[in-house]
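K.L.:
Here it is, the structure, as structure tokens.
2 protein chains.
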Amino acid sequence: MGIDYKEELEGAAKTMILVHEPDTLIKLIVRTIVQKVGIRHAGILLHQKDKDTYILTVSRGTAGLKIPAGFARMDADNPLIRFFRENENKKLADDDVIVYEEARKLLSKNIPQEKIALLKGALRQMEIFETVACIPSYFRNDLLGIMLLGEKKNGKKFAREELNFFVALTSDVAMAIRNAQLFRELEMELDKKERLFIHTTVALTAAIDAKDHYTHGHTARVTDLSLQIARRLSQKDKKDFDEKFLEHLHIASLLHDIGKIGIPESILNKEGPLTDEEKKKMHEHPIVGSVILQPIKELEAAILGVKYHHEKYDGSGYPEGLRGDQIPLIASIISVADTFDAMTTDRPYRKGLSKDEAIAEVKQVSGKQFDRKIADTLIELYQEGKI
Amino acid sequence: MGIDYKEELEGAAKTMILVHEPDTLIKLIVRTIVQKVGIRHAGILLHQKDKDTYILTVSRGTAGLKIPAGFARMDADNPLIRFFRENENKKLADDDVIVYEEARKLLSKNIPQEKIALLKGALRQMEIFETVACIPSYFRNDLLGIMLLGEKKNGKKFAREELNFFVALTSDVAMAIRNAQLFRELEMELDKKERLFIHTTVALTAAIDAKDHYTHGHTARVTDLSLQIARRLSQKDKKDFDEKFLEHLHIASLLHDIGKIGIPESILNKEGPLTDEEKKKMHEHPIVGSVILQPIKELEAAILGVKYHHEKYDGSGYPEGLRGDQIPLIASIISVADTFDAMTTDRPYRKGLSKDEAIAEVKQVSGKQFDRKIADTLIELYQEGKI
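Line by line, the protein sequences are chains V and C.
Taking the numbering used here, the leading residue of the first sequence gets 913, the next gets one more, and so forth.
Taking the numbering used here, the leading residue of the second sequence gets 913, the next gets one more, and so forth.
As structure tokens, then:
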């Protein structure tokens, strides 16, 4: 007998490996099985490694027969799980599979008392799930999962050949699912590390900020503003900035004033205008910042933002007097955000401007101090009430 | 005709999904094919997405026939690649496969001139590789790779059924490899993020260190010493510390003095003993540090090290006067490393001790200031010349 759904199911199984969202994957598979094989319902019990528990991850089928996913949960001492995990039981079942009707017959045979108890327990579980066959899947010696198959709609039994096919399929499925889970875990780990990095940098720069009594919260505001400008710029150009660019801009904004750690508190917090000598010291901070970060290869692109955020479009800035397009875009964006925030904040020697006044000044120096395109973007955001 | 190697190859392919080292995986597969199928050599050309190039990733077989891996590299305009990538060619080949002998026959048939040129080019490539059959593998519409099969050792041709089997196998193999590559990429991304985090934290804490003229390099030394102590402790206890613990200790050591950012430079760099008021300010730094890091959930375990690294075993430390086992292990380790480094470093009001003298003092206060087990470990490392 040929299995008419075989090719279709194999085809579906084939591309499973590269589907890395476990939920999508599992639902897809179980739905396909229910439809193609014409059974009343099917489900997959999957191993949750951390709790050593098997959870009915998905279940599809005729209403009333469908057990809510996550509802059924079996510990390692559940008889169905033990049956498949304890190696010596394998010889009881044909090819590792439990077929309800056949397994019942075993009960009257000459097998050890404790095996009878175990098997009875396992069969009771199958009754609860209205399952006629259970197909385990292993990787190395670990039981990864169990596929539960309900009755066929046409009332026929599963043929041996069909069961063999399901053994192969379940194994593919369980491995694909395990693979997807591992992928997801790794992605979550990556997200966590990213958050840790950003949050720690935020905490440390905020602490450094706090040394400079007059710039409290400056770093956070500049970061927020820079990212807003960049996103808007990218919309206007109708081309998305590379995600990487935004990431570098984020880090560069956070770290743009890091070099101020090299400036004595007496200068940072001086009440009154700075002397030429003190100004010179102050103007070193972009270079000091870039030197601090230099050893970090991954920050190469971000360092450009730190080093050049005090350059001006007409070449009158520092440290190198770069002009126009010589100034890296990342630095030009931070420059506008940084200056706008500085203008609107009180300083030892002057009161801060209102946003209105600051925007008027930005307009005036646009094309001189600032790249016109970026200054215009800031003005736009202001006019829309976004900043 | 049955294929006698089919089951074995399928079995090998089955567990491929969860092998996440691409190199191991590819070598395993090609070696198995060469052995089981009895062919003179086999290889796999794999797509390198970033460069849109196909590289002969592995090649196995009789000496002299084996092409060094990485040696052959085909761009997207190579006729063999184009043949498989341009959709309209598929109808030329049977089931997407090129079998050298059959494809040659096509040349004399009535097919368009440019197809003849393309096919000739592809066949020339096959001659160079002494390949009798090329089997492509796709995911969605992308050509992931091509399996190259050499002649059978027994001189027979590949049967249709065998080729069909190889089409299925190649597809599994290419997907498993692609999966492994994606996994590897994600792992590398994670490593990169980890390095970025550690390096940035090192740079920022070193910069903060530099404010305190008398503790230059202190953080780096304490970090190194703490990790050495922890590794030795774990060897002695014959149980490995959790990797996580070492990670937390690493971060906590880097950040242990971060709260000093809240102490005025005038106190940090004062030449002469501190007043009671100044000492009080100085003693706030573990709390200030823990407050700075508080918002970062992922640092919960590390913060314990920051907050309690000035507690003493007999309860006479600060900020909370914890004693004995109340003091988290992570803090007790940093405490020993921190004190030892402070003792051996020159301070404004006193010259540093020699290591010999410092160790003598550590012995004296062991069990009072320090957890005896940790102090002993430091002494051990010193006696072995490790510190």
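For every residue, glycine included, the Cβ atom is placed at its ideal position computed from N, Cα and C.
1. Go to Val970 (chain C), then tell me how far its beta strand (DSSP E) extends in each direction, as first and last residue.
2. Considering only residues of the stretch 1094–1158 of chain V, which uninterrupted beta strand (DSSP E) runs meet the minimum length of 3 residues and lie entirely inside it, listed in chain order?
3. What residues from chain C crowd round Leu1102 (chain V), counting only those whose CB sits closer than 8 Å?
4. Report the residues of the stretch 1235–1262 of chain V with a CB closer than 7 Å to any CB of chain C, ordered along the chain.
5. Given this structure, state the Cα-to-Cα distance separating Glu1155 (chain V) from Ile941 (chain C), to the nearest angstrom.
6. Using a cut-off of 7 Å between C-beta atoms, extract the partners of Asn1091 (chain C) located in chain D.
7. Counting only beta-carbon atoms, is His1195 (chain V) nearer than 7 Å to chain C?
8. Would DSSP call Val931 (chain C) helix, strand or coil?
9. Strictly below 7 Å CB to CB, what residues from chain C border Leu1300 (chain V)?
10. Taking C-alpha atoms, which residue in V:Val1114, V:Lys1123 and V:Arg952 lies nearest to Asn1066 (chain V)?
11. Just to confirm my understanding: we take Arg1090 (chain C), look at its own chain, exclude 5 residues before and 5 after, and list those with CB closer than 6 Å. What are they?
12. If you compare alpha carbons, which of C:Leu1094, C:Ala1092, C:Tyr1050 and C:Thr1043 is closest to Val1079 (chain C)?
13. My output table needs one value for Asp1084 (chain C): the three-state DSSP class, helix, strand or coil.
14. Looking at the C-beta of Ala1119 (chain C), does it have a partner C-beta in chain V at a distance below 7 Å?
15. The alpha helix (DSSP H) spanning Ile1058 (chain V) covers which residue range?
16. Quick check: what's the CA-CA separation for Leu1265 (chain V) versus Thr1117 (chain C)?
17. Against Ile1173 (chain V), what residues of chain C qualify as contacts under a CB-to-CB distance less than 9 Å, listed in chain order?
18. Report yes if the C-beta distance between Ile1173 (chain C) and Ile1120 (chain C) is below 7 Å; otherwise report no.
19. Determine the contact status of Ile1141 (chain V) and Ile1245 (chain V), defining contact as a CB-CB distance below 7 Å.
20. Terminal residues of the continuous beta strand (DSSP E) containing Phe858 (chain C)?
21. Would you mind telling me which residues of chain C sit closer than 8 Å to Glu1013 (chain V), beta carbon to beta carbon, in chain order?
22. Helix or strand or just coil, what does DSSP make of Arg988 (chain C)?
23. Drop a sphere of 10 angstroms on the beta-carbon of Ile1287 (chain C), count the other beta-carbons inside from all chains shown, and report buried for 16 or more, exposed for fewer.
24. Is Gly1174 (chain V) helix, strand or coil when you go by DSSP?
25. In three-state DSSP terms, what is Ser1165 (chain V)?
26. State the Cα-Cα distance for the pair Glu1097 (chain V) and Gln1093 (chain C), rounded to the nearest angstrom.
27. Closer than 8 Å by C-beta to Lys1285 (chain V): which residues in its own chain qualify, once you throw out the five before and the five after it? Chain order, please.
28. So for Val1277 (chain C), helix, strand or coil by DSSP?
29. Here's the rule: buried if 16 or more other CB atoms are within 10 angstroms of the residue's CB, otherwise exposed. What is Ala1272 (chain C)?
30. Note the first and the last residue of the continuous alpha helix (DSSP H) segment covering His1195 (chain C).
31. Is there a C-beta anywhere in chain C that falls below 7 Å from the one on Phe1051 (chain V)?
32. If we define contact as Cβ-Cβ less than 7 Å, is Glu1177 (chain C) a contact residue for chain V?
33. Using a threshold of 7 Å, state whether the C-beta atoms of His1195 (chain V) and Tyr1225 (chain V) are closer than that.
34. My assumption, with CB atoms under 8 Å, is that Val1248 (chain C) sits in contact with Leu1166 (chain C). Please give the rounded CB distance.
35. Thinking just about the alpha-carbon of each residue, which of V:Lys1068, V:Gly955 and V:Ser1083 is nearest to the one in Glu1013 (chain V)?
36. Do Ala984 (chain C) and Leu968 (chain C) have their C-beta atoms within less than 7 Å of each other?
P.N.:
Judging by the given coordinates:
1. First-last of the beta strand (DSSP E) with Val970 (chain C): Thr965 to Gly973.
2. Whole beta strand (DSSP E) segments, 3+ residues: zero.
3. Residues of chain C whose Cβ lies closer than 8 Å to the Cβ of Leu1102 (chain V) are, in chain order, Leu1098, Glu1101, Leu1102 and Lys1105.
4. Across the stretch 1235–1262 of chain V, no CB contact with chain C closer than 7 Å is found for any residue.
5. In a straight line, the C-alpha of Glu1155 (chain V) is about 37 Å away from that of Ile941 (chain C).
6. Here the protein chains are V and C, and chain D is not one of them.
7. Output row for His1195 (chain V): interface = no.
8. Reduced to three states, the DSSP call for Val931 (chain C) is coil.
9. What is shown of chain V runs 913 to 1299, which leaves residue 1300 (chain V) out entirely.
10. Distance from the Cα of Asn1066 (chain V) is smallest, within the candidate group V:Val1114, V:Lys1123 and V:Arg952, for V:Arg952.
11. Excluding the 5 residues flanking it on each side, Arg1090 (chain C) has same chain C-beta neighbours closer than 6 Å at Leu1056, in chain order.
12. The option with the nearest alpha carbon to Val1079 (chain C) is C:Tyr1050.
13. DSSP places Asp1084 (chain C) in the helix class (H, G or I) of the three-state scheme.
14. Between Ala1119 (chain C) and chain V, the shortest Cβ-Cβ separation is below 7 Å.
15. Residue range Asp1054 to Leu1061 is occupied by the beta strand (DSSP E) that includes Ile1058 (chain V), with no alpha helix (DSSP H) assigned at that position.
16. Taking the straight line from one Cα to the other gives about 34 Å.
17. Think of a sphere of 9 Å around the beta carbon of Ile1173 (chain V): the chain C residues whose beta carbon falls inside it are Leu1116, Ala1119, Ile1120, Ala1122, Lys1123 and Ile1173, in chain order.
18. Against a cut-off of 7 Å, the Cβ pair of Ile1120 (chain C) and Ile1173 (chain C) comes out as a contact.
19. With contacts defined by Cβ atoms closer than 7 Å, Ile1141 (chain V) and Ile1245 (chain V) form a contacting pair.
20. Any answer about residue 858 (chain C) is impossible in this case: the structure gives chain C only from 913 up to 1299.
21. Per Cβ cutoff of 8 Å: no residues; Glu1013 (chain V) is ~29 Å from chain C at best.
22. The question names Arg, but residue 988 (chain C) in the sequence shown is Ala. Three-state result, Ala988 (chain C): coil.
23. A quick correction: the sequence has Ala, not Ile, at residue 1287 (chain C). Ala1287 (chain C) is buried by the Cβ-count criterion.
24. It is helical.
25. Helix at Ser1165 (chain V).
26. Rounded to the nearest angstrom, the gap between the Cα atoms of Glu1097 (chain V) and Gln1093 (chain C) is 16 Å.
27. Sequence-distant partners of Lys1285 (chain V) (beyond 5 residues in either direction) whose C-beta falls short of 8 Å from its own C-beta, in its chain, are Leu1145.
28. If DSSP states are grouped into helix, strand and coil, Val1277 (chain C) belongs with the helices.
29. Its Cβ having fewer than 16 others within 10 Å, Ala1272 (chain C) is exposed.
30. Segment Asp1188 to His1195, the alpha helix (DSSP H) holding His1195 (chain C).
31. It does: the Cβ of Phe1051 (chain V) has a partner Cβ on chain C nearer than 7 Å.
32. Closer than 7 Å: yes.
33. Between His1195 (chain V) and Tyr1225 (chain V), the C-beta spacing is not below 7 Å.
34. In this structure Val1248 (chain C) is not in contact with Leu1166 (chain C), their Cβ atoms being roughly 17 Å apart against a cut-off of 8 Å.
35. It is V:Lys1068 whose Cα lies nearest to the Cα of Glu1013 (chain V).
36. A Cβ-Cβ contact shorter than 7 Å links Ala984 (chain C) with Leu968 (chain C).
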